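For the sequence shown, numbering that gives the first Met the number 0 assigns the number 0 to the initial residue and increments by one for each residue that follows. Report on the structure given below.
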Amino acid sequence: MIFQLPEGELVFPNPSLAEEDGLLAIGGDLSKDRLVLAYQHGIFPWFSEGDPICWFAPPERCVIFPQKVKVSKSMRKVISDGTYTVTMNEAFSDVITCCAKIPRKEQDGTWITTAMQYAYINLHRHGWAHSVEVWYNGELCGGLYGMVVNGVFVGESMFSFRSNASKTALIWLCREGGYRLIDCQVPNDHLLSLGAEMISREDYMLILQA
């Protein structure tokens with residue numbers, strides 16, 4: 000059953016009631032308070048331009064335990080050579096714009112709509128959303144952004160204009176961010192190669208709310 004969120008009320012159904020694909024509810028808005036409440040309960044928005052706001056709580060989460068991140072021999076060389084400079088929260092708006100614009104295989108358009116960009120920039124201004132930037136010769140060439148809830152970094156998207164730039168951002172986040180868990184939400188080969196693994200919704204919530 001998919002729930003319709005009531006107008007003007009900051010509530011979400013129990014995440015365990017989500018559909019098999021993780022879809023839990025539709026409607027509501029992208030206000031700061033609603034988004035924070037969603038992430039605190041393991042829920043995140045995901046929808047395309049022109050669609051209603053959809054809220055997901057998947058039965059399994061793709062996560063990286065920072066101490067288990069896998070760094071290949073070639074990536075160790077990239078990092079030790081100082082190919083890139085990494086910063087945090089220096090260019091949040093630029094990072095989310097790049098994530099929205101970069102072409103992705105088998106994806107027509109972007110789910111990072113203009114409304115989503117405004118919403119997360121607002122979250123950043125209030126200290127909830129954070130970015131990691133990767134620079135090459137002073138130019139932004141990669142990065143990622145996400146929400147931080149109770150020591151868990153919930154990654155939303157990443158981009159790369161140069162080889163290994165997004166990997167550099169994620170490895171830096173695992174090594175330097177001080178987070179208990181990096182939540183990647185849904186798996187892909189790129190994340191799995193870095194040590195991502197699947198855990199149940201129940202295990203994820205135990206970590207999130209610990």
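All C-beta atoms, glycine included, are put in the ideal place defined by N, C-alpha and C. Computed from a prediction, not measured in an experiment: that's the story for all the values here.
Query raised in the report: Around the Cβ of D107, are there at least 16 other Cβ atoms within 10 angstroms (buried) or fewer (exposed)?
Result: For the purposes of this step, residue 107 is taken as the residue at position 108 of the sequence shown. Model confidence at D107 stands at a pLDDT of 49, short of 50, so the residue's coordinates are unreliable; what they give is reported in the following sentence. Per the 10 Å Cβ criterion, exposed.
### Task
With L180 as the anchor, note down where its beta strand (DSSP E) starts and where it stops.
The sequence position of residue 180 within the sequence shown is 181, counting from 1. Run containing L180: 180-184, per the beta strand (DSSP E) assignment.
Problem set entry | Three-state secondary structure (DSSP) of D107 | Indexing the sequence shown from 1 puts residue 107 at position 108. Note that D107 scores 49 on pLDDT, short of 50, meaning its location in the model is unreliable and no value can be drawn from it.
Discussion item. Considering just the uninterrupted stretch of the alpha helix (DSSP H) at H189, what are its terminal residues?
Written reply: Mapped onto the sequence shown, residue 189 falls at position 190. Taken as a continuous stretch (DSSP letters only), the alpha helix (DSSP H) holding H189 covers 188-191.
Taking one C-beta from the segment 67-74 and one from the segment 84-102 each time, how about it: are there three or more such pairs within less than 8 Å?
no
Euclidean distance between Cα positions of L122 and M115: Locating residue 122 in the sequence shown gives position 123, where the first residue counts as 1. Locating residue 115 in the sequence shown gives position 116, where the first residue counts as 1. Spanning the two alpha carbons is a distance of roughly 10 Å.
### Query
Between the C-alpha atoms of E48 and I111, what's the straight-line distance to the nearest angstrom?
In the sequence shown, the residue the question calls residue 48 occupies position 49. In the sequence shown, the residue the question calls residue 111 occupies position 112. So the alpha carbons of these two residues sit roughly 8 Å apart.
ask   = Rounded to whole angstroms, how far is the Cβ of W54 from the Cβ of A99, which I believe are closer than 8 Å?
value = On the sequence shown, position 55 is the one that residue 54 refers to. On the sequence shown, position 100 is the one that residue 99 refers to. Actually they are not in contact, since the Cβ atoms of W54 and A99 sit about 20 Å apart, beyond 8 Å.
Just to confirm, are V151 and D182 a CB contact at a threshold of 8 Å? One-based indexing of the sequence shown puts residue 151 at position 152. One-based indexing of the sequence shown puts residue 182 at position 183. Going by C-beta atoms, V151 is nearer than 8 Å to D182.
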